[in-house]
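Peer 1: Chains as they are written, first to last, in the numbering used here: chain A, 491 to 727; chain B, 503 to 630. Mind looking over this structure? Questions follow.
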């Protein structure tokens, strides 16, 4: 049974309909990936599922409970973590201090272990504004390690990260999902994402299609034609 | 090549404990969050009070003696400034993920201002 379900949600921004009838599921022990072109509504769908924004229609269920107005603080208290595509950290405090807030509030992995795990031990004392895009993303992944949520919704977690590092972090997320965490990721790093995913969801034209495991999803004609294209490195998929 | 499901632990041996999760819908901010944000709330109140005092002094009034509605207005201004500061520092995602609701955020900025106004009122009544 899914831990989190955003069911039949729709959303418009200033008259422009982004989602018409889309659904998202996060299942414990599974790593799911949402693929789709820029502007297809992936991030909006994730934000609605996380309670960051409210849908025009549709409902969010968390842990078996239907929530008419899901709000992130309430969901976070019940084990959800939402990693936005930017600005997880405050600009006011060093990275370590902010990770310690999570450690004190929820008591997951220690801050030192988490920073070491993602290879940014030396950067803990720095302000987020002093980090490069890739370093900042790694520090944000460390926050996931410290928080150790039941359900993780991560919007483009590999953005700005070198392929080798993205592979390592992907394996780390894979390990977390195997420990029982429900994970949903978005992104465009198809080989990395397909390498760690259990399930692919395709977001297009305001709706979503459950394509199943990556091996099946990558053979889907519509996904290949409209999203993957004919890039040589994708043919192997 | 699409990898099959891999569940082995990587070189990063991670502790697989599940972190705490509240069974209720609300979570109180811990002392570390409270002290960090209440300190900012206190700074905002000091700034707002000094500015109000200076304006009152220039207008020939008593900067220490404020009626209740004016004191509450200063508290409201402190809350508004605090929430604007949270927005300016891009702290919504951090606080939301920490389970700190907008109401709790407001309280973190309101409490130092309320304490400060009460202290000033006490001092004013002692001085007469």
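We put the beta carbon where it would ideally sit given N, CA and C, even for glycine. Note that the coordinates shown come from a computational prediction; the quantities given were computed from them, not determined experimentally.
If the cut is a Cβ gap below 7 Å, which residues of chain A does residue 602(B) touch?
Peer 2: In the second chain, the residue the question calls residue 602(B) occupies position 100. Within 7 Å Cβ-Cβ: 563.
Peer 1: Can you have a look at residue 525(B) and say buried or exposed, based on whether 16 or more other CB atoms are within 10 angstroms of its CB?
Peer 2: Residue numbering aside, residue 525(B) sits at position 23 when the second chain is read from its first letter. Bear in mind that the predicted position of residue 525(B) carries a pLDDT of just 46, short of 50, making it unreliable; the figure below should be weighed with that in mind. Under this definition residue 525(B) is an exposed residue.
Peer 1: Counting Cβ pairs closer than 8 Å, one from the stretch 547–565 of chain A and one from the stretch 608–619 of chain A, do we hit at least three?
Peer 2: Not touching, per the Cβ criterion.
Peer 1: For residue 589(B), would you say it is in contact with chain A, using Cβ-to-Cβ distances shorter than 7 Å as the test?
Peer 2: Within the second chain, numbered from 1, the residue matching residue 589(B) stands at position 87. No, residue 589(B) does not count as interfacial toward chain A.
Peer 1: Could you give the distance in angstroms between the alpha-carbon of residue 558(A) and the alpha-carbon of residue 501(A)?
Peer 2: By one-based count along the first chain, residue 558(A) stands at place 68. By one-based count along the first chain, residue 501(A) stands at place 11. Cα to Cα, the separation comes out at about 15 Å.
Peer 1: So, with DSSP's three-state summary, where would you put residue 718(A)?
Peer 2: Sequence index remark: in the first chain, residue 718(A) carries index 228 (1-based). In this structure, residue 718(A) counts as helix in the three-state DSSP scheme.
Peer 1: Using only CA atoms, which one of 567(B), 595(B), 577(B) lies nearest to residue 548(B)?
Peer 2: The residue you call residue 548(B) lines up with position 46 of the second chain. Considering only alpha carbons, the answer is 577(B).
Peer 1: If you draw a straight line from the C-alpha of residue 653(A) to the C-alpha of residue 677(A), how long is it?
Peer 2: Sequence index remark: in the first chain, residue 653(A) carries index 163 (1-based). Sequence index remark: in the first chain, residue 677(A) carries index 187 (1-based). Rounded to the nearest angstrom, the two C-alpha atoms are 13 Å apart.
Peer 1: Taking the alpha helix (DSSP H) that residue 603(A) belongs to, which residues open and close that run?
Peer 2: Within the first chain, the letter at position 113 stands for residue 603(A). Unbroken alpha helix (DSSP H) run through residue 603(A): 601–607.
Peer 1: Which one of 582(A), 692(A), 632(A) has the shortest CA to CA distance from residue 513(A)?
Peer 2: In the first chain, counting from the first residue as 1, residue 513(A) sits at position 23. Measuring from the Cα of residue 513(A), the nearest candidate turns out to be 692(A).
Peer 1: So residue 541(A) and residue 561(A) are in contact, right, with Cβ under 8 Å, and what is the actual spacing, rounded?
Peer 2: Here residue 541(A) refers to the residue found at position 51 when the first chain is read from its first residue. Here residue 561(A) refers to the residue found at position 71 when the first chain is read from its first residue. Right, their Cβ atoms sit about 5 Å apart.
Peer 1: Can you list, in chain order, the residues of its chain with a C-beta nearer than 6 Å to that of residue 523(A)? Leave out the 5 residues immediately preceding and following it.
Peer 2: On the first chain, residue 523(A) is found 33 positions in, with the first residue counted as 1. Excluding residues within five positions, the ones whose Cβ falls inside 6 Å are 675, 683, 687, 690.
Peer 1: For residue 626(A), which residues in chain B fall below 9 Å Cβ to Cβ?
Peer 2: As a working mapping, residue 626(A) is identified with position 136 in the first chain. Simply none; closest approach about 12 Å.
Peer 1: So with Cβ pairs under 7 Å, would you call residue 592(B) a contact of chain A?
Peer 2: Position 90 of the second chain holds residue 592(B). Chain A, which has a Cβ nearer than 7 Å to the Cβ of residue 592(B), makes this yes.
Peer 1: Based on Cα-Cα distance, which residue from 656(A), 631(A), 624(A) lies nearest to residue 679(A)?
Peer 2: Along the first chain, one-based indexing puts residue 679(A) at 189. Per the Cα distances, 656(A).
Peer 1: Along the chain, where does the beta strand (DSSP E) containing residue 695(A) start, and where does it finish?
Peer 2: Here residue 695(A) corresponds to residue number 205 of the first chain, with the count starting at 1. Neither: residue 695(A) is in no beta strand (DSSP E) and is coded neither H nor E.
Peer 1: Less than 7 Å separating the beta-carbons of residue 591(A) and residue 600(B)?
Peer 2: The residue labelled residue 591(A) in the question sits at position 101 within the first chain. The residue labelled residue 600(B) in the question sits at position 98 within the second chain. Going by C-beta atoms, residue 591(A) is nearer than 7 Å to residue 600(B).
Peer 1: Can the beta-carbon of residue 593(A) be found closer than 7 Å to that of residue 601(A)?
Peer 2: In the first chain, counting from the first residue as 1, residue 593(A) sits at position 103. In the first chain, counting from the first residue as 1, residue 601(A) sits at position 111. Contact: yes.
Peer 1: Can you name the residues of chain A whose CB is closer than 9 Å to the CB of residue 535(B)?
Peer 2: For the purposes of this step, residue 535(B) is taken as the residue at position 33 of the second chain. Per Cβ cutoff of 9 Å: 591, 594, 595.
Peer 1: When the Cα of residue 506(A) is compared with those of 530(A), 642(A), 716(A), which residue comes out closest?
Peer 2: Position 16 of the first chain, counted from the start, is the residue given in the question as residue 506(A). That would be 530(A), whose Cα lies nearest to the Cα of residue 506(A).
Peer 1: Take residue 620(A) and list the residues in its own chain whose beta-carbon comes closer than 7 Å to its own, dropping the five residues that flank it on each side.
Peer 2: By one-based count along the first chain, residue 620(A) stands at place 130. Closer than 7 Å at Cβ, skipping near neighbours: no residue.
Peer 1: Nearest to residue 575(B) by CA position, among 562(B), 610(B), 619(B), is which residue?
Peer 2: Translated into the one-based positions of the second chain, residue 575(B) becomes position 73. Nearest C-alpha to residue 575(B): 619(B).
Peer 1: Sorted by chain position, which residues of the same chain lie with C-beta nearer than 6 Å to residue 579(A)'s C-beta, five sequence neighbours on each side aside?
Peer 2: Working through the first chain from its first residue, we reach residue 579(A) at position 89. Around residue 579(A): 588, 618.
Peer 1: Inspect the beta-carbon positions of residue 645(A) and residue 574(A) and report whether they are closer than 7 Å.
Peer 2: Residue mapping note: residue 645(A) aligns to position 155 of the first chain, counting from 1. Residue mapping note: residue 574(A) aligns to position 84 of the first chain, counting from 1. For residue 645(A) and residue 574(A), yes; Cβs fall inside 7 Å.
Peer 1: In whole angstroms, what is the alpha-carbon distance linking residue 702(A) and residue 543(B)?
Peer 2: Mapped onto the first chain, residue 702(A) falls at position 212. Mapped onto the second chain, residue 543(B) falls at position 41. Their backbone Cα atoms lie some 50 Å apart in a straight line.
Peer 1: Would you decide whether residue 515(B) is buried or exposed? Buried here means 16 or more other CB atoms lie within 10 Å of its CB.
Peer 2: Residue mapping note: residue 515(B) aligns to position 13 of the second chain, counting from 1. With a pLDDT of 46 at residue 515(B), under the threshold of 50, the modelled position of this residue cannot be trusted, and the question is left open.
Peer 1: Please tell me whether residue 468(B) has its Cβ less than 7 Å away from any Cβ of chain A.
Peer 2: Only positions 503 to 630 of chain B appear in this structure, which leaves residue 468(B) out of reach.
Peer 1: In the DSSP assignment, what are the bridge partners of residue 497(A)?
Peer 2: Here residue 497(A) corresponds to residue number 7 of the first chain, with the count starting at 1. Paired residue(s): 549(A).
Peer 1: Listed in chain order, which residues of the stretch 570–585 of chain B have Cβ atoms closer than 7 Å to some Cβ of chain A?
Peer 2: Listed in sequence order: no entries.
Peer 1: Hey, residue 694(A) and residue 526(A): beta-carbon distance below 7 Å or not?
Peer 2: Start at 1 with the first residue of the first chain, and residue 694(A) comes out as number 204. Start at 1 with the first residue of the first chain, and residue 526(A) comes out as number 36. Yes, they are a contact pair.
Peer 1: Could you give the uninterrupted runs of the beta strand (DSSP E) lying entirely in the stretch 593–674 of chain A, keeping only those of 3 residues or more?
Peer 2: DSSP runs (the beta strand (DSSP E)) wholly in the stretch 593–674 of chain A: 641–644.
Peer 1: Could you name the residues of chain A that residue 596(B) contacts, counting a contact when the two beta carbons are closer than 8 Å?
Peer 2: Start at 1 with the first residue of the second chain, and residue 596(B) comes out as number 94. In chain order: 578, 579, 580, 588, 591.
Peer 1: Cβ-heavy atom distance between residue 656(A) and the ligand GDP below 6 Å?
Peer 2: Annotation note on the ligand GDP: not contained in the displayed structure, which lists no ligands.
Peer 1: Quick check: is the beta carbon of residue 545(A) nearer than 7 Å to any beta carbon in chain B?
Peer 2: In the first chain, the residue the question calls residue 545(A) occupies position 55. No, residue 545(A) does not count as interfacial toward chain B.
Peer 1: Alpha carbons only, please: which of 615(B), 567(B), 603(B), 607(B) is nearest the one belonging to residue 623(B)?
Peer 2: Within the second chain, the letter at position 121 stands for residue 623(B). Measuring from the Cα of residue 623(B), the nearest candidate turns out to be 567(B).
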